[in-house]
Amino acid sequence: MADNPRQDLYLEISRNLVDEELRDLRNYVSGAKILPAGFVQKADAHQIFNQLEKERKLKPGDLALLADLLRKIGRHDFAEQAEKIAEGERKGTPQPSTSQLKRKGEDGEELAVKKKRASFREEGVFQNSVKKYYQLKLSYFKPLIWNDNFTLDLSDIFTQLELMPTSEKQPKRQQSKKHPWSPWSPSVREEERKKLQSLDDLFKPNVTKWSTAPRCILIEGEAGGGKTTFLSKEALDAVSQKTELGRRHDIVLLIRLREVREGETIEEMVWDQCVDEATEGIDVQSIRAILQRNKSRVLFLLDGYDELRPEARAAGQAIPKLLSGKLYSNSMIVITSRPSAGVQQYTRPDCHVHIMGFSEEHVEKYIRQYFTVVGKQELTKALVVKVKDNILNTLIYTPIFLVFVCVLWEEDQEMVSTGTMTGLYNNLLTCLVRKYCKREGVDMPTEGLPTEVAESLLQLGKFALEALLRNETLLDLTKVKREKVNWELLLKLGVVFLEVSSSKSDPRKQLNFTHKTMQEFLAGRYVAHALLNQDIVELLQLTSISKALELSNLLQFTCGCDSRAAQAVMEELSMLSSREFKHLRRKQFERSEVPVDFDMQKYFKAYEMFASLCLTILSERQEPEVLQGISQALPIVMLDSSINSREATALKYYTQNLQSANLPDRLILKIRGGTDSRDIVQYLQQCFTTSLPGLKLYLKLSEQFDSHDLVARLVSVLKNVPGLRELGLSDTSLTPSSLQPLVQGFRHMSLLEELDLSDNLGLGEAGMEVLQVGLFRVPHLAVLRLAKVSMTAVGMSSLAPYTCHHLAVLRLRSVSMTDVGMSSLAPYMRDLVGLRELDISENEIGDTGLESLTAILPIFTAMEVLVLEEICISPTGIRTLVPALLTRLIKLNISNNAIGDPGLECLAAILHHLTAMKVLVLRGTGIRDRGISSLIKALPHLVQLQVLDVSWNKIGDSGIVSLVQTLCQPSSLDMEQNPPGDKSLTTASHYNYNNILQELNIGYNSGVTGVGLERVAQLISALPALTRLNMSGPWHTPAHLPDTAAMALAEALPRLPALEWLNLCEISMKPAGFQAVVQAAEEHPTLERLDYTEDQVPEGADTTASCLVLYYLSSQLSDQCSIPSSQADTTASCLELD
1 MADNPRQDLY LEISRNLVDE ELRDLRNYVS GAKILPAGFV QKADAHQIFN QLEKERKLKP
61 GDLALLADLL RKIGRHDFAE QAEKIAEGER KGTPQPSTSQ LKRKGEDGEE LAVKKKRASF
121 REEGVFQNSV KKYYQLKLSY FKPLIWNDNF TLDLSDIFTQ LELMPTSEKQ PKRQQSKKHP
181 WSPWSPSVRE EERKKLQSLD DLFKPNVTKW STAPRCILIE GEAGGGKTTF LSKEALDAVS
241 QKTELGRRHD IVLLIRLREV REGETIEEMV WDQCVDEATE GIDVQSIRAI LQRNKSRVLF
301 LLDGYDELRP EARAAGQAIP KLLSGKLYSN SMIVITSRPS AGVQQYTRPD CHVHIMGFSE
361 EHVEKYIRQY FTVVGKQELT KALVVKVKDN ILNTLIYTPI FLVFVCVLWE EDQEMVSTGT
421 MTGLYNNLLT CLVRKYCKRE GVDMPTEGLP TEVAESLLQL GKFALEALLR NETLLDLTKV
481 KREKVNWELL LKLGVVFLEV SSSKSDPRKQ LNFTHKTMQE FLAGRYVAHA LLNQDIVELL
541 QLTSISKALE LSNLLQFTCG CDSRAAQAVM EELSMLSSRE FKHLRRKQFE RSEVPVDFDM
601 QKYFKAYEMF ASLCLTILSE RQEPEVLQGI SQALPIVMLD SSINSREATA LKYYTQNLQS
661 ANLPDRLILK IRGGTDSRDI VQYLQQCFTT SLPGLKLYLK LSEQFDSHDL VARLVSVLKN
721 VPGLRELGLS DTSLTPSSLQ PLVQGFRHMS LLEELDLSDN LGLGEAGMEV LQVGLFRVPH
781 LAVLRLAKVS MTAVGMSSLA PYTCHHLAVL RLRSVSMTDV GMSSLAPYMR DLVGLRELDI
841 SENEIGDTGL ESLTAILPIF TAMEVLVLEE ICISPTGIRT LVPALLTRLI KLNISNNAIG
901 DPGLECLAAI LHHLTAMKVL VLRGTGIRDR GISSLIKALP HLVQLQVLDV SWNKIGDSGI
961 VSLVQTLCQP SSLDMEQNPP GDKSLTTASH YNYNNILQEL NIGYNSGVTG VGLERVAQLI
1021 SALPALTRLN MSGPWHTPAH LPDTAAMALA EALPRLPALE WLNLCEISMK PAGFQAVVQA
1081 AEEHPTLERL DYTEDQVPEG ADTTASCLVL YYLSSQLSDQ CSIPSSQADT TASCLELD
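Note that UniProt numbering has the sequence shown beginning at 1, numbered continuously upward.
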């Protein structure tokens, strides 16, 4: 490599600047806005200068800016050298490097200079060797052993990526709704996931909204998803400087982690895997010197953390030390892994990317490429259409399987349309065997496979199964040969291919499957055969539901291969289900108005996944025996997908063959969008072809049902399910005309218990008139949801006389009801003696309308939930309401009503009677310290309180601190369950703690300052059950949290073991405090989100933490706003099947 005096100068400056000089340099560069502050504050001098070059602020022959910056920090010596180098560049004469200038003696001695030059030449040799090695090993591959003309070029393969907004920590809870107390707009992400064109997008602030570039990128994907191929392509593109990763790094090192041995150093790995062994002058010592010189310019591409040997994964080994920053801390790392492999044990990635596989837009290109090579271009168009089929759609996103689908299509188009995954793989295997027989001159029998081929495939299946159970995909060829397997025949078939390990020191030959699903298919064939003589539990180690879910693909293929195997699998799954889901109850799947325990959520999720597995097995083998097994394994059958899924196909078979003796406790059917409504109705027609009078159906539909005829067809279908219990048609564009046939069909739905017509703005008054005619035909209706249906007092008046006497839940949120409408409705509500939940929020009812309601409230002795958010009531209204409140209430929400301190004092006076209260929401009610003090006095009586929200008020430090102090005391219920003398209690159950409260929202109170929040931070660890905490500062006037307070909060977070969400918006902190809190949040095992205001982030602070979500003030919100009325009450966690 030729000398580069400019780069030599940059390196020399970087090595010699003291900390104070580097700090001054950063301040000058960022203060003058020459480069972004976020980048500058993390970069060293070398990186800053290179970035200035990239942005053309330092040009050939022009280093004036550099010289000026150097003089500002007092380094005139380096400034003069910069000017000399620039002058030489302008004149075109070579200038001595800075090392030469320093090392030349007065006599012109050049020995040291020659040594330095040799070092840089060595570096060039190393870089060229790496580049050539990658180009030789990675550029091309031939997926078809019988066709040398068809070659895939790795540089042309495009892979879809998705940027994940949060780290995949365990446990976690998915958030499906915006937080009602955060009227902000997220600047980091608009959706749960963001598609990326390439990793280059991660370096574009307009895409990520990050102020600093990531230093550690985690790429996750399932086995066979293309992670290795993707990283190989990234390595090729980077050494050719085609990508931003390549342009930012001089040295690109691709390391296959499965080849790493215990005790191996990073430099030994590089020598072993990244350079040609014939390269002269390069050894481990020279590699170490090169990497040390270029620490900040090294890119490590680490492939397959999940394949790293346990002994090489232990603390103190090289890879863990690299990940944790103990080695080459300034380098950049991109690491791939299967999910939940434990990367986060040693590092907290700056960003988390999910690999989606082959890009959809490139599928057609590769299909056309294949058929062009084989000279059958006419087959392209039809296959492009066919691959949109749901089964094929799961396969085509890896290059090798797309090629196999092309091969199958070329052979026989009918072989592609099997309807099952097992059938497709069987046909593919048959096709590969036929091609082999034709090439080798072997007779292909009419039925089955040639004997030698069949035996070899079974032997391979045994190896495939053993590898699967070890969570491996590669087979050691030495072990395969030892078992006398005809491995050369298997290579010729094309189901595996031979590869040599990337390690030169341990050059093993290995058999690799064409895809993970091919391994699972071959293993499934073997299991189906072996089950004739072996027990399934012994064979598969199938001892739990979690193990069954882990082996889901294998089980599907096993069942698809053989009927007896399918029966054996279903028998075992039924036994596991009866053992692990014996406490499953119907009510557990209903919405809850109080927080749901995370373990219970996990329990429900496992059942949903198990139900999906059972249906997928049924889709593979639609036989009565399997159906019977499904009936035994699933007390509750559920489908939550589009009608084009494999599960939906199975459910259709299930309902068509369902016998009255085997009816499930309930059938929960939620049809997702993306399909024409007419197709949805046709699917339901096929599901319910005959009457199933005993079936309890819970049905939720999406898409548009604005056609009278279409709804009439739907009603005709539902006549066959007279046991329909729930019908959800929210946001389906219903009109009075399309509602009419539904209402007329109520006569066939006499057992209907729940009806949801919310968010159908086209219904209006006319729709209510249509609805009221048919309500008497559904006498068991217990839940009626009519939110946002454009109904006024007129519609309410027409509907009220017909409301069902058995109603238990009535939700009339945002229906334009006034005091007149309320007074019209109230008399007819007198008969609703079983009413448990009432929600009339976001209506202009006022104090007068509330009087009509309170007059009848005492009738509702079963009332548990009362939601009166934003109904325009005052302290006068509260004084009317309070005497009517019933002791069974578990949730009361009176948010966004201007009740002030007098209103809260009135409410607090009777709270000692409401001891069942679990959720109390007082958000945006104008309360101050006086009012909160009255609540504090009543809190000891609320022994079951799980959720308290007093955010968006005017409470000051004294009130907030007193509130938190009181909450931190154990309730009497806590004391009963966990007496002080109980030695068995864990730390989290200590009697000084409140183990009941799960959600606390005290944010956005205008009187709170940093002093109060500091005290809260010191107290909060006495609430170990908290899952959600909002302690944000005042709106528009941020509270400053000093470092002592921030450190206290950081220390408290580990003592909140269940915390999932923390809101610190409108709080300012200094860099040290901010980083301490962010680091504690990032290291927290369950914390998914830390919300913070973007303009309060300290200058230069690192904001790449995966849990950190930055918000900015929305211009659409006024300074006076408290909380947008459009935001629904979601303070209580609820589990819904949506």
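Cβ atoms here follow ideal geometry from the backbone N, Cα and C, with glycine treated the same way. Computed from a predicted structure; not experimentally measured.
For this session: Report the three-state DSSP secondary structure of Leu511 (helix, strand or coil).
Result: Correct three-state label for Leu511: strand.
Problem set entry | Between the CA atoms of Glu55 and Arg6 - distance to the nearest angstrom | Cα-Cα distance, rounded: 16 Å.
For this session: With a 10 Å radius around its C-beta and 16 neighbouring C-beta atoms as the bar for buried, classify Gln81 as buried or exposed.
Result: Flag for Gln81 reads buried.
Exercise. Are the region 912 to 919 and the region 845 to 857 touching, with three or more C-beta to C-beta distances below 8 Å?
Worked result: Touching, no.
Problem set entry | Under 7 Å between C-beta atoms of Gly834 and Ala862 | Cβ atoms of Gly834 and Ala862: closer than 7 Å.
Exercise. What is the DSSP secondary structure of Cys406, counted as helix, strand or coil?
Worked result: Reduced to three states, the DSSP call for Cys406 is helix.
Exercise. Below 7 Å between beta carbons: does that hold for Leu892 and Leu920?
Worked result: In terms of Cβ geometry, Leu892 and Leu920 form a close pair [threshold 7 Å].
For this session: Go through its chain and collect everything with a Cβ distance to Ile643's Cβ below 8 Å, but skip five positions before and after it.
Result: Within the same chain, Ile643 has close Cβ partners Ile671, Thr675, Asp679, Ile680 and Tyr683.
Exercise. Roughly how many whole angstroms lie between the Cα atoms of Thr1086 and Pro320?
Worked result: Rounded to the nearest angstrom, the two C-alpha atoms are 22 Å apart.
For this session: Kindly indicate which three-state DSSP category Lys388 falls into: helix, strand or coil?
Result: Correct three-state label for Lys388: coil.
Problem set entry | Identified DSSP bridge partners for Asn1030 | Answer is Asn1001 and Asn1063.
Problem set entry | Close beta carbons around Arg173, own chain, < 6 Å, minus the five adjacent residues each side | The predicted model places Arg173 with a pLDDT of 30, which falls under 50 and marks its position as unreliable; any figure quoted below should be read in that light. Excluding positions up to five away in sequence, the list reads Glu1060.
For this session: Measure the alpha-carbon distance for Lys504 versus Tyr346 and round it to whole angstroms.
Result: When rounded, the distance between both Cα atoms is 27 Å.
For this session: May I ask you to report which of helix, strand or coil DSSP gives Arg928?
Result: Arg928: coil per DSSP, three-state reduction.
Exercise. Which one or two residues does DSSP pair with His708 in a beta bridge?
Worked result: Beta-bridge pairing by DSSP links His708 to no other residue.
Problem set entry | Asp839, buried or exposed, once every other Cβ within 10 Å from all chains shown has been counted against 16 | It is buried - the Cβ of Asp839 has at least 16 other Cβ atoms within 10 Å.
Exercise. Which runs of the alpha helix (DSSP H), 4 residues or longer, sit entirely within the region 510 to 592?
Worked result: Listed in chain order, the alpha helix (DSSP H) elements of length 4 or more contained wholly in the region 510 to 592 are 516 to 530, 536 to 540, 545 to 550, 552 to 561 and 563 to 580.
Exercise. Do you know whose CA, among Leu1023, Gln1018, Cys906 and Tyr1111, lies nearest Thr1044's CA?
Worked result: The candidate whose alpha carbon is nearest that of Thr1044 is Gln1018.
Exercise. Would you say Leu257 and Tyr305 are within 7 Å of each other, going by their C-beta atoms?
Worked result: One thing to note: Leu257 has its Cβ within 7 Å of the Cβ of Tyr305.
Exercise. Taking buried to mean at least 16 other C-beta atoms within 10 Å of its own C-beta, is Asp8 buried or exposed?
Worked result: Buried: at least 16 other Cβ atoms inside 10 Å.
Problem set entry | Own chain residues within Cβ distance below 6 Å of Tyr425, not counting five before or after | Taking Tyr425 as the centre and dropping the five residues before and after it, the same chain places the C-beta of Phe521 closer than 6 Å to its C-beta, in chain order.
Problem set entry | Val637 vs Pro595 beta-carbon contact at 7 Å | No, these two residues do not count as a Cβ contact at 7 Å.
For this session: Indicate whether Met796 and Ser824 have their beta-carbon atoms separated by less than 7 Å.
Result: In this structure, Ser824 lies closer than 7 Å to Met796 by Cβ.
For this session: Out of Gly1033, Thr478 and Leu771, state which residue places its alpha-carbon closest to the alpha-carbon of Val1008.
Result: Residue Gly1033 is the option with its Cα nearest to Val1008.
Exercise. Among residues of its own chain, excluding the 5 on either side of Leu701, which ones have a beta-carbon nearer than 7 Å to its beta-carbon?
Worked result: If we look at Leu701 and ignore the five residues flanking it on each side, its Cβ neighbours are Ile671, Ile680, Gly728, Leu729 and Thr732.
Exercise. Helix, strand or coil: how does DSSP classify Ile217 here?
Worked result: When secondary structure is reduced to three states using DSSP, Ile217 falls in the strand class.
For this session: Measure from the alpha carbon of Lys918 to the alpha carbon of each residue in Tyr654, Ser592 and Ser798, then state which is nearest.
Result: The candidate whose alpha carbon is nearest that of Lys918 is Ser592.
Exercise. Do the CB positions of Leu468 and Ala523 come within less than 7 Å of each other?
Worked result: With contacts defined as CB atoms closer than 7 Å, Leu468 and Ala523 qualify as a contacting pair.
Exercise. Does the distance from the CB of Ala1050 to the CB of Ala1072 come in under 7 Å?
Worked result: Contact annotation: Ala1050 and Ala1072 have beta-carbon atoms that are not nearer than 7 Å.
For this session: Going by DSSP, name the residue or residues bridged to Phe300.
Result: Answer by DSSP bridge pairing, in chain order: Leu253 and Ile333.
For this session: With Gly959 as the anchor, note down where its alpha helix (DSSP H) starts and where it stops.
Result: Looking at the DSSP string, the run of the alpha helix (DSSP H) that includes Gly959 is Asp957 to Leu967.
For this session: Give me the Cα-Cα distance between Arg15 and Pro60, rounded to the nearest whole angstrom.
Result: Roughly 23 Å separates the two Cα atoms.
For this session: Identify every residue that forms a DSSP beta bridge with Ala1039.
Result: According to DSSP, Ala1039 bridges with Ile1067.
Exercise. Leaving out five residues before and five after Val18 in sequence, what residues of the same chain have Cβ atoms less than 7 Å from its Cβ?
Worked result: Correct list: empty, nothing qualifies.
Problem set entry | Cβ separation of residue 1176 and Ala548, assumed to be a contact under 8 Å, to the nearest whole Å | Examination of residue 1176 is not possible in this model, given that the chain is present from 1 through 1138 alone.
For this session: Would you kindly report the start and end of the unbroken alpha helix (DSSP H) that includes Gly903?
Result: For Gly903, the enclosing alpha helix (DSSP H) stretches over residues Gly900 to Ala908.
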